[in-house]
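Enquirer:
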Amino acid sequence: MKQDLAIITQQFIEQLQSSFEGEIDCSEATRQVFSTDNSIYQYHPQAIIYPKHQHDIEMIMRLVSEHQYQSVVLTARGGGTGTNGQSLTNGIVIDVSRHMNKILSIDVQQKKAIVQAGVVKDQLNAELKKYGLFFAPELSTSNRATIGGMINTDASGQGSCRYGKTRHHVTRLSTVLRGGEILHSQALKRESWQQQILDKTPFQKNLYHQIFTVAKINQDIIKNSFPSLNRSLTGYDLPNLLDDEYFNPNALLCGSEGTLGIIVEAELNVLEIPKYRLLINIGYTNFQDALKDANVLMQHKPLSIETVDSKVLNLAKNDIVWHNVAKFFPDNHLEKPIEGINLVELDATTEIELKQHLEDFLQHLSQDRQIERLSTTVAWGETEINHVYAMRKRAVGLLGNVEGEKRPQPFVEDTAVPPEYLAEYIADFRQLLDHHGLEYGMFGHVDAGVLHVRPALDMKDPKSLGMIKLITEKVVELTHHYGGVLWGEHGKGLRSGYAPIFFGQAYPLLQQIKALFDPFNQLNPGKIATPATLPTSKLIGLTEIPLRGDYDRQISKIDWNNFGTTMHCNGNGACFNYDLNDPMCPSYKVTRNRIHSPKGRATLVKEWLRREENQQSSMGFDQEVYEALHGCLSCKSCVGQCPVKVDIPDAKARFLARYHQRYPRQLRDYILAKLEFILPQVASISSLYNVTQRLTLLKSFQKKILRMTDIPLFHPKVKERLQTYGAVLVDQDLNNLPSNEHDVVFIVQDAFTRYFDTSVFLDLITLIKKLGAIPYVLPYFPNGKPLHVHGFLDEFEKLRRKNITLLNQVSDLGYPIVGLDPAMTLVFRQEYHKRFTEELPEHRYQVMLVQEWLKQRLDEFELPKLSTTQSMYYLAGHCTERTQEPKSNQMWKDIFQVFGLELESLTLGCCGMAGTYGHETEHLNQSKMIYQQSWQSKVELHHQWILATGYSCRTQVKRLEKTQLRHPIQVLLEKLG
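For the sequence shown, full-length UniProt numbering begins at 1 and goes up steadily by one.
1. Distance, Cα to Cα, residue 301 vs residue 423?
2. From residue 26 to residue 6, what does the alpha carbon distance come to, in whole angstroms?
3. What is the DSSP secondary structure of residue 965, counted as helix, strand or coil?
4. Tell me where the beta strand (DSSP E) around residue 186 begins and ends.
5. Ignoring anything shorter than 3 residues or poking outside the segment 714-781, list the beta strand (DSSP E) runs there in chain order.
6. Can you tell me the Cα-Cα spacing of residue 594 and residue 953, whole angstroms?
7. Report yes if the CB atom of residue 564 is closer than 8 Å to the CB atom of residue 647, and no otherwise.
8. Looking at the structure shown, is residue 244 part of a helix, part of a strand, or coil, going by DSSP?
9. Taking all protein chains shown into account, decide if residue 861 is buried (16 or more other Cβ within 10 angstroms of its Cβ) or exposed.
10. Under three-state DSSP, which class holds residue 453?
11. So residue 295 is in the alpha helix (DSSP H); what residue range does that whole segment cover?
12. When the Cα atoms are used, what is the spatial distance from residue 794 to residue 750?
13. Report yes or no: do three or more beta-carbon pairs, one from the segment 489-504 and one from the segment 412-421, lie closer than 8 Å?
14. Sorted by chain position, which residues of the same chain lie with C-beta nearer than 7 Å to residue 578's C-beta, five sequence neighbours on each side aside?
15. Measuring only the C-alpha atoms, how far is residue 52 from residue 174?
16. What's the gap between the Cα of residue 784 and the Cα of residue 555?
17. Using only CA atoms, which one of 348, 285, 961 and 711 lies nearest to residue 334?
18. Output yes or no for whether 8 Å exceeds the beta carbon distance between residue 96 and residue 76.
19. Using 8 Å as the threshold, is the C-beta distance between residue 161 and residue 447 below it?
20. Rounding to the nearest angstrom, what Cα-Cα distance links residue 984 and residue 249 in this structure?
21. Is residue 501 near residue 257, with beta carbons less than 8 Å apart?
22. With respect to the beta strand (DSSP E) encompassing residue 445, which residues constitute its N-terminal and C-terminal limits?
23. When the Cβ atoms of the segment 661-672 are set against those of the segment 591-610, are three or more pairs found closer than 8 Å?
24. Using the beta-carbon count (16 or more within 10 Å), is residue 685 buried or exposed?
25. Among 361, 357 and 340, which has the Cα closest to the Cα of residue 372?
26. Tell me whether residue 274 sits in a helix, a strand or coil according to DSSP, three-state version.
27. How long is the line joining the alpha carbons of residue 503 and residue 226, rounded to whole angstroms?
28. Considering only residues of the segment 890-934, which uninterrupted beta strand (DSSP E) runs meet the minimum length of 3 residues and lie entirely inside it, listed in chain order?
29. Can you give me the C-alpha to C-alpha distance between residue 247 and residue 182, rounded to a whole angstrom?
30. Do the CB positions of residue 875 and residue 947 come within less than 8 Å of each other?
31. Short of 6 Å in beta carbon distance, which residues of its chain neighbour residue 282, apart from the five on each side in sequence? Order them along the chain.
32. Per DSSP, which residues does residue 134 bridge with? Please list them.
33. Judging by CA-CA distance, which residue of 775, 932, 521 and 382 is the nearest neighbour of residue 91?
34. What is the DSSP secondary structure of residue 487, reduced to helix, strand or coil?
35. So, for residue 552: in the same chain, excluding its five sequence neighbours on each side, which residues have a beta-carbon less than 6 Å away from its beta-carbon?
36. Buried or exposed: where does residue 407 fall if 16 or more other Cβ atoms within 10 Å of its Cβ makes it buried?
Shown next as structure tokens:
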């Protein structure tokens, strides 16, 4: 049967291709990447279709309705971040996010926006912000969640008590129905709806009559079956289909998870951004007190109340976001630790009203002694509020960033009960989990009675399957007891098997609705409801399809451990961030191909390791995995920005080391791997080298044979004596180390700044000298980053052991060690500390970034009075530096302030160079496109005042703009005179 279905699906695809304008991808790698979302499941589709426009989808839906293709299955997919497998299928995926992502119009006067289904929520709000407007509600996944996905799950989030759910803001929908017709739907006046559909097709008229009849004759069943909740049952929202005033078919489509049609376009109601807002952050001795207090605090009419427990809060302390929010959660002076927090947002139309609201609220806190509150802080203004909410938004991902193999799993993670019962409900919920010895983290929307909880399980352990069933059954009973639902905001998906329990007598009505739209159960089957016309069809049970753990347990323990955080990617989708001015994964942003995202690459690496263990590897799949990883820039933004710290550059290096044991390398790889070793020798003939590099014949050879382009030239000052600038040279045997000097700084030479951007290196020596310290330059030694990037791990291991010995010896003298280029310097902290063999070398050293040493130095060094010159500069930090050491930009700002200068950090993505990536001919076009997406406009606007810390960044700008950016130390040196 499966084989027959595969043949029919292939015939369907072949017939579709004849006039289809989008893309169709049946590759193993793509199917693998689309087999997961942010749930516990792994379900392999047969193909992924990327429609270019609405006509493509019409064509698909016409073809699928033909008799011979009535067994073909279609499932729509947006951001792919669902926690319940909503968009997972063993059929065909229709992904609208790649092409159908345009904001079509914004009507400021009417406060309306028309968008395609693939538009990302934050993308829309960034455009709306120009007019003082925004689209509610607020989601934790707002930087990658598509509007189509929000509509299909009737998404809600923070602020829903004020703003409602997605359906409250949908005024019109365009949906492609099975058969290819376009249904343009909106709320219709109940008394005249029949006159308002006269222009519709006969099929659509009949559809409207049928669904109206279902709603009208079953009003008592509907009222008795649907609980009254802010986060009510999603999917086929019959209570809101028909009321005394309106007949609104959109109530069925919002939350339908693609089971009724493919939503392609929406008209949305948008709101004015609250002009005055603040966020009160309250710390408690325990999570239960936070929940109890929230009920009381709701009486003061806040915009929202969000709750986070100590598990999430403590994980946040080790995350990239913490440096922005630490001041709001002070715990150093507290006798008891904070075990729960409430984030209470207040808003008002005037500043006076907001201050009065705050004063009344704080007065209540001071007078109410029923709950012990440990701390109260206030975040003012958009920037501070957004920093705190960024921490809250990362809660789901952060829960996956724990030690050990037991990781929080989403299967009972968005239950909702009436808010007045939430504290009691959670007490019972915690008792259930505690009884079974499960660890967990909790957070949620206490104002709406929604709880997010993920019990920790090792999904590689077959016993976890039984625990998932047991806990789910118990939570279904518990939630039902408190008058709640199993799915408060994340949709049903593969938990739809419990729909008959919660819908009760209304469930057959849902089956009737499904049959009217999809009589042969082809649209995302097994979710929400089965068609009444097919009595043999059934909902998919909780554990009836494969789980990720079923595949993960087939990977050897050694590989699982060696590939580290990559193995624990939980699919939260933070790497799908649409924002071009964010450094997260430039290769995904430029390709819009999920294979070229950290999540996609992590999925492929796991499958590759599984096949290796089971001796199922094939050249075709190996090559697909290679192409996916070869597209990685090794910028390491994923390591800093992924809540789980998925490290794709490290996984790439380990993959290449093994891949090239079987498949040959390019000649270029060997040259790049040895680049750091040969530069000192070639530098001795730098003039001759520079002349030959300008020869057309050599450039052609490099481009065609070596597949390299725009190879950098040696700097004119490369041969200058460092002693001339005040440096003390340490020889290779470390014989010339300081003995009695007090103020010494050791400088580590990196190949690229030292030989290709020598003036910056010389200026560092001069600056250190002017700040009253003695610059000791360590003997040049290869750092090994190119070896690691290209997977020469044996050679890298030998080199790093040698270098660690040297750095330890220097560090034992007690003087600071400084590196100039951030990407190279951070290798000493990260790759040098990772395990590549059984024994990790001891590392006693610390190589500081320049700004770290300067900040430390300026705290104890008194600068002379400085002249006033141009005072505003713009910092373009290296993306590796910004994501691995998020305090670095602020350090530069503080340093410039000491020098009497203003420095503004630019919000930027990646420059597109990333070491050797931008010099590889197959990546040249993408390198330029990445630069154009974010850097180009900023450089054109501020080029003479932009300062760049990264050698790669300065090289890219010089190559594409013929402009030489300065390093921040060069401005500081200029200021000293």
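Virtual Cβ for every residue (Gly too), placed ideally from N, Cα, C. Please read all numbers here as calculations on a predicted model, not as lab measurements.
Expert: From the atom records:
1. Near 19 Å, if we compare the C-alpha coordinates of residue 423 and residue 301.
2. Between residue 26 and residue 6, the C-alpha separation is close to 12 Å.
3. Residue 965 carries a coil assignment under DSSP once its states are collapsed to helix, strand and coil.
4. For residue 186, the uninterrupted beta strand (DSSP E) run begins and ends at 182-186, by DSSP.
5. Qualifying beta strand (DSSP E) stretches, in chain order: 744-748 and 774-777.
6. Looking at the two C-alpha atoms, the distance is approximately 25 Å.
7. Yes, these two residues count as a Cβ contact at 8 Å.
8. The answer is coil: DSSP assigns residue 244 none of H, G, I, E or B.
9. By the 10 Å Cβ count, residue 861 comes out exposed.
10. Reduced to three states, the DSSP call for residue 453 is strand.
11. 287-297 is the extent of the alpha helix (DSSP H) around residue 295.
12. Counting only the Cα atoms, residue 750 lies some 21 Å from residue 794.
13. Because the criterion of three Cβ pairs below 8 Å is met, the segment 489-504 and the segment 412-421 touch.
14. Only 120, 122, 123, 143 and 144 meet the Cβ criterion.
15. Their backbone Cα atoms lie some 16 Å apart in a straight line.
16. Each residue's alpha carbon lies about 29 Å from the other.
17. If we check each option's Cα against that of residue 334, 285 comes out closest.
18. Taking 8 Å as the cut-off, the beta carbon of residue 96 is found closer than this to the beta carbon of residue 76.
19. With respect to residue 447, residue 161 sits close: the two C-beta atoms are nearer than 8 Å.
20. Here the chain comprises residues numbered 1 to 977, so residue 984 is not present and cannot be evaluated.
21. Between residue 501 and residue 257, the C-beta gap is not smaller than 8 Å, which leaves the two residues out of contact.
22. Looking at the DSSP string, the run of the beta strand (DSSP E) that includes residue 445 is 440-445.
23. Here the segment 661-672 makes no contact with the segment 591-610; the two share fewer than three CB pairs at distances below 8 Å.
24. In summary, residue 685 is exposed, with fewer than 16 beta-carbon neighbours lying within 10 Å of its beta-carbon over all protein chains present.
25. Ranking the options by Cα distance to residue 372, first place goes to 340.
26. It is coil, neither helix nor strand.
27. Approximately 7 Å, taken between the alpha carbons.
28. If only complete runs of 3 or more residues are kept, the segment 890-934 shows the beta strand (DSSP E) at 902-905, in order along the chain.
29. So the two alpha carbons sit approximately 19 Å from each other.
30. Yes; because the gap between Cβ atoms is below 8 Å, this pair is in contact.
31. Taken in chain order, the residues that qualify are 342, 373 and 376.
32. Partner(s): 271.
33. Considering only alpha carbons, the answer is 521.
34. Correct three-state label for residue 487: strand.
35. Result list for residue 552: 460, in chain order.
36. Taking all protein chains shown into account, residue 407 has 16 or more neighbouring C-beta atoms within 10 Å of its C-beta and is therefore buried.
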